[in-house]
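Peer 1: Residue numbers (full-length UniProt numbering), protein chains in the order written: chain A, 1 to 179; chain B, 1 to 607. Take a look at this one; I'll ask things after.
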Ligand SMILES: Cc1cc2nc3c(=O)[nH]c(=O)nc-3n(C[C@H](O)[C@H](O)[C@H](O)COP(=O)(O)O)c2cc1C
Ligand code: SF4
Ligand code: SF4
Ligand code: FES
């Protein structure tokens with residue numbers, strides 16, 4: 001059997017969603033039987049080796065590099081899944097969305113009470129910040145959404161196995177209830 | 001604010017609070033008075049009000065931030081509130097808005113340096129038959145044109161009062177010319193029927209009522225099959241019966257004159273021409289449910305009628321139709337007070353209206369308990385629409401048999417329609433219930449319309465194929481609004497206007513409505529920008545259904561109607577604007593990084 005190829009990335013996220021992926025514990029061995037990891041922070045592969053079946057996205061887009069990575073994922077992955085609140089809605093980083101970006105930069109780097117001789121970071125290595133934090137589906141088409149902050153390991157496992165094996169995922173209420 | 005000022009201010013605000021008995025339930029009145037006196041309710045003023053009324057600051061701030069006509073930031077001494085309704089847009093709003101900005105030398109949202117003028121937007125002010133219309137210094141100015149705007153602003157600058165300017169522009173018809181009104185508003189009462197706008201002798205209904213027992217009065221209303229005219233169509237007699245039988249403290253009668261549904265202005269004309277009939281209806285209801293207090297909740301937009309209405313009440317007291325032993329009935333004491341609103345569509349929802357009257361934000365309440373069980377200050381409360389109460393008075397006066405002759409089937413009596421948009425004779429029509437739309441269109445002089453909006457934004461958009469449907473509870477129900485759109489109107493921009501209306505009027509309490517109204521608006525923007533796809537239409541329908549089934553009150557439950565009914569009846573206008581692509585986001589990286597490029601002096605390398 002040809003193993004499915006899977007790629008993952010963390011955009012404007014905290015890596016909590018990736019930790020939750022690892023939280024599937026020993027099931028990771030089963031996962032390794034089902035899939036082969038392509039580009040992902042889990043194996044530290046930096047470049048796509050070819051077309052992938054599934055891409056898991058953690059985090060939304062807060063800078064232009066995020067957008068480029070996300071677009072590359074869209075190109076290289078047949079199915080794209082938004083994983084976690086940040087990818088779905090922007091999450092914590094999107095708290096800045098109510099404040100104009102220039103104001104944010106000024107407060108952080110020029111006028112903040114603890115700033116001495118401030119300047120707005122401007123290294124060419126740094127990606128350009130977007131006017132606001134965008135959820136992934138506002139930038140590219142997303143096929144599936146896994147809610148939670150982070151989504152539980154069981155939810156990720158169930159959905160992923162369902163997706164890979166083509167059987168309907170068994171998602172009891174407890175798995176997708178958040179209060 | 002200066003130290004010395006603050007001391008003086010403290011005294012003044014204490015005095016204002018004292019005029020309302022320092023009662024926190026009268027908070028709306030207190031903040032309205034502060035707003036009128038200072039052109040704002042600033043943070044220090046909020047502190048002082050909360051101190052004077054011994055209530056949490058946050059509650060005062062919550063109220064100030066809730067209503068359109070209350071402002072933390074200072075407005076001009078002559079604030080201009082231009083209404084942004086869809087009909088106003090059709091009648092030249094854009095040019096009028098530009099004229100205001102040019103004449104005042106400021107943008108909307110700003111105040112002139114001399115603090116004379118401020119320009120703000122507001123929702124429909126109930127003048128759809130004479131748009132564009134604005135409130136200036138509290139008075140309605142209608143049928144505005146750029147020329148009129150320039151002369152009004154010039155007049156204000158030269159020290160003329162808004163009333164003097166109204167006199168110069170000419171007062172309207174009927175009681176709009178009454179010495180206590182003197183408004184430039186026109187009634188446009190195009191057709192008087194036999195129930196509401198026929199002649200009525202003061203006290204006739206009340207005398208008839210008190211000659212019967214309260215139970216007999218309720219029975220008569222039940223037999224008339226009169227149903228609520230405010231939109232929901234609840235059987236009036238049954239509501240009175242529930243309220244009469246409700247256990248609890250004192251009973252209250254509320255007359256709902258919030259009339260915020262864009263395109264609706266029937267209450268305006270009833271209150272201008274037939275206030276006695278409305279008050280008589282309230283008094284009859286008071287007798288029927290054993291209440292001593294009536295409250296007319298009047299939207300702030302209609303404040304120009306306040307002095308006149310107070311005078312009508314005073315005359316009724318003198319005539320023995322209000323007060324102790326009303327209409328000579330020993331032991332029947334009933335009086336009416338007027339509660340002013342402060343600008344909020346949601347306050348027309350009955351439980352929000354009650355909250356507002358108790359001095360709170362106009363958030364709706366959970367139901368049950370219904371107002372008839374636990375309403376104003378926890379007491380059994382009857383809330384009826386202006387027209388319902390006026391009709392109920394006539395029912396009791398002339399009997400149910402007389403009443404049911406007008407109308408058809410389950411929809412008895414006459415209905416007031418407020419017609420606006422593309423027709424030759426906009427205005428108010430009293431028509432029998434059950435007439436087909438097509439017939440009404442002929443009566444109002446609407447030639448070849450492409451669409452009719454029945455019931456305002458929360459109602460239904462219908463196309464030609466549905467013009468034989470009837471205006472009644474079993475088919476097309478309306479609180480009164482009927483907006484006609486001619487052949488060359490852009491339906492999408494009208495839907496967008498309605499979407500903006502709901503987004504700004506959602507009270508924000510529950511997620512489906514607060515978020516849903518914003519998402520629908522964003523979808524329309526996306527479609528208008530040429531980035532819409534079939535998937536977007538499907539999502540709008542999906543979300544609209546969620547809003548309908550999960551919102552907490554009628555606002556959210558109907559807020560998706562403009563989109564849902566046009567997607568059903570005018571799908572082609574959407575189809576023309578969407579793209580074939582399976583998915584488009586409308587995201588543009590260059591625009592998204594523009595600000596960062598500006599701040600850092602860098603630019604995006606070409607992708
Ligand atoms: C958002 C919203 C706005 C409303 N606005 C009004 C209004 O302006 N006038 C009115 O009479 N009813 C309005 N209603 C309906 C009232 O809640 C209530 O049903 C009505 O006042 C009852 O009176 P009726 O039985 O005589 O119609 C509104 C309802 C909602 C949900
Ligand atoms: S959703 Fe939660 S766990 Fe996942 S990246 Fe965002 S903040 Fe971290
Ligand atoms: S539906 Fe809208 S207006 Fe009604 S309670 Fe919810 S947020 Fe408020
Ligand atoms: S906390 Fe309740 S919706 Fe976000």
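Glycine included, C-beta positions come from ideal geometry on N, C-alpha and C.
(1) If we ignore side chains and look at the alpha-carbon of each, how far apart do residue 635 of chain B and residue 584 of chain B end up?
(2) Could you give the distance in angstroms between the alpha-carbon of residue 1 of chain B and the alpha-carbon of residue 116 of chain A?
(3) Please confirm whether residue 28 of chain A has its beta-carbon closer than 7 angstroms to some beta-carbon of chain B.
(4) Suppose you measure from the CA of residue 595 of chain B to the CA of residue 126 of chain A; what does that come to, to the nearest Å?
(5) Scan the stretch 118-158 of chain B and note each continuous alpha helix (DSSP H) run of 4 residues or more that stays entirely inside, going in chain order.
(6) Bridge partners of residue 7 of chain A, per DSSP?
(7) For the stretch 588-604 of chain B, which residues have a CB atom closer than 8 angstroms to at least one CB atom of chain A, in sequence order?
(8) Looking at residue 122 of chain B: is its Cβ nearer than 7 angstroms to the Cβ of residue 66 of chain B?
(9) Could you check whether residue 448 of chain B and residue 487 of chain B sit closer than 7 angstroms to each other, using their CB atoms as the reference points?
(10) Taking the straight line between their C-alpha atoms, what separation do you get for residue 11 of chain A and residue 365 of chain B?
(11) Roughly how many whole angstroms lie between the Cα atoms of residue 101 of chain A and residue 132 of chain A?
(12) Quick one: does residue 178 of chain A have its CB under 7 angstroms from some CB of chain B?
(13) Does DSSP put residue 19 of chain A in a helix, a strand or coil?
(14) In or out: residue 181 of chain A buried (at least 16 other Cβ within 10 Å) or exposed?
(15) When the Cβ atoms of the stretch 82-90 of chain B are set against those of the stretch 41-57 of chain B, are three or more pairs found closer than 8 angstroms?
(16) Counting Cβ pairs closer than 8 angstroms, one from the stretch 104-119 of chain A and one from the stretch 38-55 of chain A, do we hit at least three?
(17) Determine, for residue 213 of chain B, whether the minimum Cβ-Cβ distance to residues of chain A falls below 7 angstroms.
(18) Throw me the rounded Cβ distance for the residue 296 of chain B and residue 339 of chain B pair, which I believe falls under 8 angstroms.
(19) Give me the Cα-Cα distance between residue 148 of chain A and residue 171 of chain A, rounded to the nearest whole angstrom.
(20) Is there contact here, the stretch 133-153 of chain B with the stretch 92-105 of chain B, by at least three beta-carbon pairs under 8 angstroms?
(21) Of all the residues that make up the stretch 567-585 of chain B, which are near chain A by a beta-carbon distance shorter than 8 angstroms?
(22) CA-CA distance, residue 381 of chain B and residue 144 of chain A?
(23) Is it right to say residue 275 of chain B is buried, meaning 16 or more other beta carbons lie within 10 angstroms of its own, or is it exposed?
(24) Going by DSSP in three states, residue 46 of chain A sits in which element: helix, strand or coil?
(25) On the criterion of 16 or more Cβ atoms from any shown chain inside 10 Å, does residue 236 of chain B qualify as buried, or is it exposed?
(26) If you check the beta carbons only, do residue 483 of chain B and residue 554 of chain B fall under 7 angstroms apart?
(27) Rounding to the nearest angstrom, what Cα-Cα distance links residue 105 of chain A and residue 462 of chain B in this structure?
(28) Taking a cut of 9 angstroms between CB atoms, which residues from the stretch 99-124 of chain A lie near chain B?
(29) Using DSSP bridges, identify the partner residues of residue 427 of chain B.
(30) Quick one: list the residues of chain B neighbouring residue 134 of chain A, beta-carbon separation under 8 angstroms, in chain order.
(31) Leaving aside the five residues before and after residue 262 of chain B along the sequence, list all residues of the same chain whose C-beta is less than 6 angstroms from its C-beta, in chain order.
(32) Would you list the residues whose beta-carbon is nearer than 6 angstroms to any heavy atom of ligand 3, in the order they occur in the chain?
(33) Quick one: does residue 67 of chain A have its CB under 7 angstroms from some CB of chain B?
(34) Can you name the residues of chain B whose CB is closer than 9 angstroms to the CB of residue 130 of chain A?
(35) Candidates B/38, B/181, B/25: which alpha carbon is nearest residue 116 of chain B's?
(36) Measuring only from the beta carbon, is residue 173 of chain B closer than 6 angstroms to any heavy atom that is part of ligand 1?
Peer 2: Looking at the coordinates:
(1) Beyond the ends of chain B as shown, which are 1 and 607, falls residue 635 of chain B; an answer cannot be given.
(2) Your numbering for residue 1 of chain B matches position 1 in the second chain. Your numbering for residue 116 of chain A matches position 116 in the first chain. With a pLDDT of only 47 at residue 1 of chain B, under 50, the local geometry of the prediction cannot be trusted, and the value read off the model is given with reservation. Residue 1 of chain B and residue 116 of chain A: Cα-Cα distance of roughly 32 angstroms.
(3) Locating residue 28 of chain A in the first chain gives position 28, where the first residue counts as 1. Taking Cβ atoms only, chain B never reaches closer than 7 angstroms to residue 28 of chain A, which makes this a no.
(4) Within the second chain, residue 595 of chain B is the residue found at index 595, counting from 1. Within the first chain, residue 126 of chain A is the residue found at index 126, counting from 1. Their backbone Cα atoms lie some 15 angstroms apart in a straight line.
(5) As far as the stretch 118-158 of chain B is concerned, its whole alpha helix (DSSP H) runs of at least 4 residues are 146-157.
(6) In the first chain, residue 7 of chain A corresponds to position 7, counting from 1. The secondary-structure analysis by DSSP pairs residue 7 of chain A across a beta bridge with A/55.
(7) Those residues of the stretch 588-604 of chain B that come within reach of chain A (Cβ to Cβ, closer than 8 angstroms) are 589, 591, 592, 593, 594, 595, 596, 597, 598, 599, 600, 601, 602, 604.
(8) By 1-based counting over the second chain, the position of residue 122 of chain B is 122. By 1-based counting over the second chain, the position of residue 66 of chain B is 66. The answer is no: Cβ separation not under 7 angstroms.
(9) What you label residue 487 of chain B is simply residue 487 of the second chain in a count that begins at 1. What you label residue 448 of chain B is simply residue 448 of the second chain in a count that begins at 1. Contact: yes.
(10) Counting from 1 along the first chain, the entry for residue 11 of chain A is found at position 11. Counting from 1 along the second chain, the entry for residue 365 of chain B is found at position 365. When rounded, the distance between both Cα atoms is 42 angstroms.
(11) On the first chain, residue 101 of chain A is found 101 positions in, with the first residue counted as 1. On the first chain, residue 132 of chain A is found 132 positions in, with the first residue counted as 1. Those two C-alpha atoms are separated by around 7 angstroms.
(12) Locating residue 178 of chain A in the first chain gives position 178, counting from the first residue. Not closer than 7 angstroms to any Cβ of chain B, the Cβ of residue 178 of chain A fails to qualify, so no.
(13) Residue 19 of chain A sits at position 19 when you count from the first residue of the first chain. Here residue 19 of chain A sits in helix by DSSP.
(14) It is not possible to answer for residue 181 of chain A, since the shown part of chain A is limited to 1 through 179.
(15) No, they do not touch.
(16) Verdict: no, contact absent.
(17) By 1-based counting over the second chain, the position of residue 213 of chain B is 213. Residue contact with chain A for residue 213 of chain B: absent (no Cβ-Cβ distance below 7 angstroms to any residue of chain A).
(18) As a first step, residue 296 of chain B must be located in the second chain, where it is residue number 296. As a first step, residue 339 of chain B must be located in the second chain, where it is residue number 339. Sure, about 7 angstroms apart at Cβ, within 8 angstroms.
(19) Residue 148 of chain A sits at position 148 when you count from the first residue of the first chain. Residue 171 of chain A sits at position 171 when you count from the first residue of the first chain. Computed Cα separation, rounded: 13 angstroms.
(20) Judged by pairs of C-beta atoms under 8 angstroms, the stretch 133-153 of chain B touches the stretch 92-105 of chain B, as three or more such pairs exist.
(21) Of all residues in the stretch 567-585 of chain B, 582, 583, 585 have a Cβ within less than 8 angstroms of some Cβ in chain A.
(22) Counted from its first residue, the second chain places residue 381 of chain B at position 381. Counted from its first residue, the first chain places residue 144 of chain A at position 144. Spanning the two alpha carbons is a distance of roughly 49 angstroms.
(23) Translated into the one-based positions of the second chain, residue 275 of chain B becomes position 275. A buried status is given to residue 275 of chain B, since no fewer than 16 other beta-carbon atoms sit within 10 Å of its beta-carbon.
(24) The count along the first chain starts at 1 and reaches residue 46 of chain A at position 46. Here residue 46 of chain A sits in coil by DSSP.
(25) Translated into the one-based positions of the second chain, residue 236 of chain B becomes position 236. So residue 236 of chain B ends up on the buried side.
(26) The residue labelled residue 483 of chain B in the question sits at position 483 within the second chain. The residue labelled residue 554 of chain B in the question sits at position 554 within the second chain. Going by C-beta atoms, residue 483 of chain B is not nearer than 7 angstroms to residue 554 of chain B.
(27) Numbered from 1 along the first chain, position 105 holds the residue referred to as residue 105 of chain A. Numbered from 1 along the second chain, position 462 holds the residue referred to as residue 462 of chain B. For residue 105 of chain A and residue 462 of chain B, the gap between their C-alpha atoms comes out near 50 angstroms.
(28) Going along the stretch 99-124 of chain A in chain order, one finds 100, 101, 102, 105, 106, 120, 121, 122, 124 with a Cβ nearer than 9 angstroms to chain B.
(29) Sequence index remark: in the second chain, residue 427 of chain B carries index 427 (1-based). Answer is B/419.
(30) The residue given as residue 134 of chain A occupies position 134 in the first chain. Those within 8 angstroms of residue 134 of chain A in chain B are 587, 592.
(31) Residue numbering aside, residue 262 of chain B sits at position 262 when the second chain is read from its first letter. 85, 124, 456, 457.
(32) Listed by position along the chain, the residues with Cβ atoms less than 6 angstroms from a non-hydrogen atom of ligand 3 are B/346, B/364, B/506, B/507, B/508, B/509, B/510, B/513, B/514, B/551, B/552, B/553, B/555, B/556.
(33) Locating residue 67 of chain A in the first chain gives position 67, where the first residue counts as 1. Judged by the 7 angstroms Cβ criterion, residue 67 of chain A is in contact with chain B.
(34) Within the first chain, residue 130 of chain A is the residue found at index 130, counting from 1. Near residue 130 of chain A (Cβ distances below 9 angstroms), the residues of chain B are 589, 592, 593, 595, 596.
(35) Residue mapping note: residue 116 of chain B aligns to position 116 of the second chain, counting from 1. For residue 116 of chain B, the closest alpha carbon among the candidates B/38, B/181, B/25 is that of B/38.
(36) Taking the first residue of the second chain as position 1, residue 173 of chain B is located at position 173. Taking 6 angstroms as the cut-off, the C-beta of residue 173 of chain B does not count as close to any heavy atom of ligand 1.
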